[in-house]
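**Student:** Handing you this structure, nothing more for now.
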Amino acid sequence: MNDATESGGEKVKAASAYRFAVSDETLNFRPHTTTDPVPLGRQLLASAGYAPVDDYSLFAILPSGDFEDVRLDELFDLRGKGVERFVAFKTDRVYRFTLDGRAISWGVQNLLGSVLYTLANVGPGQAVFLDARGGQDRLIEPGDIVDLAGAGVERFVTGPRPVPTFEIFVNGRPKTVTGNTVTYEQIVQLAFPGDHDPNVEFSMNYTHAASTPPVGELGRGGSVQIKKGSRFNVTRTVRS
């Protein structure tokens, strides 16, 4: 706010409130304000309720997505556009990694996959991978935990999420399918490939599916979610 008030015939500019947000390793940011446009790092921590401030490390998230170390006795200018964001860690140990080329500093050894996805801001169909130079990149799921204490700087990249494949059993025979959903028509073709006479009907039941319930019957036009080892039994009947 930049409201002015009258004092003794002169306009006196009221103090502005400068907004910023601070989070811990969960990236759940909480809003805060200060009247100081260029506070010290320790003042930012104190305003956000972190105490004792000497126990914490503070990092600013730059517009580029890089993390910048804010020392406790370093001034930080809050007069830019928007709300400045900071991450505070109760530690003096810092782990460094990159995400799509952005340099990120982290104060917790075990990095949650869900936090990586928040930092990456990926859309549907995208995923985060641990870059294995000279090898196959490792897919990181939101429920995974990555240990940052290894030698070197871990490098993470984003890219299209791979389409999963599953081995299922159709009439007792193993079949490999792509994707986590199959249709009635797909299973019919796996059980009895080719064209079928209009007088031929198929009945189908399944077990060990990923859907709820995992056991049931599947009719024409239907679909069911699968997992490794899902089983389908298809019976062919010729109408007289």
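Note that our numbering has the sequence shown beginning at 1250, numbered continuously upward. Note that beta-carbon positions come from the ideal geometry of N, C-alpha and C, so glycine has one too.
Check L1307 in the structure and name its three-state DSSP category.
**Tutor:** Reduced to three states, the DSSP call for L1307 is strand.
**Student:** N1482 bridges to which residues according to DSSP?
**Tutor:** According to DSSP, which records beta bridges pairwise, N1482 is partnered with N1454.
**Student:** Just the C-alpha distance for Y1366 and P1391, rounded to the nearest angstrom, thanks.
**Tutor:** If I take the Cα positions, the gap works out to 7 Å.
**Student:** Please report the Cβ distance between N1429 and V1483, rounded to the nearest whole angstrom; I am assuming they are in contact, meaning their Cβ atoms lie under 8 Å.
**Tutor:** Actually they are not in contact, since the Cβ atoms of N1429 and V1483 sit about 20 Å apart, beyond 8 Å.
**Student:** From the DSSP secondary-structure annotation, give me the bridge partner or partners of K1424.
**Tutor:** DSSP, once it has assigned bridges, lists I1417 as partnering K1424.
**Student:** Helix, strand or coil: which one does DSSP assign to A1295?
**Tutor:** Helix at A1295.
**Student:** When we look at the beta-carbon of A1381 and count the other beta-carbons within 10 Å, is it buried (16 or more) or exposed?
**Tutor:** Its Cβ having fewer than 16 others within 10 Å, A1381 is exposed.
**Student:** T1340 lies in the beta strand (DSSP E); which residues open and close that run?
**Tutor:** Counting along the chain, T1340 falls outside any beta strand (DSSP E), and DSSP gives it neither H nor E.
**Student:** For the structure I just gave you, are there three or more beta carbon pairs, one from the region 1465 to 1481 and one from the region 1400 to 1409, closer than 8 Å?
**Tutor:** In short, these stretches do not touch, since the Cβ pair count stays below three.
**Student:** Judging by CA-CA distance, which residue of V1271, R1328, R1279, L1327 is the nearest neighbour of F1308?
**Tutor:** With distances taken between Cα atoms, F1308 lies closest to V1271.
**Student:** Within the same chain, show all residues whose beta-carbon is closer than 7 Å to that of L1361, passing over the 5 residues directly before and after it, in chain order.
**Tutor:** The residues are I1394.
**Student:** I want to know whether the region 1426 to 1442 touches the region 1451 to 1465 - three or more CB-CB distances under 8 Å.
**Tutor:** Segments in contact, yes.
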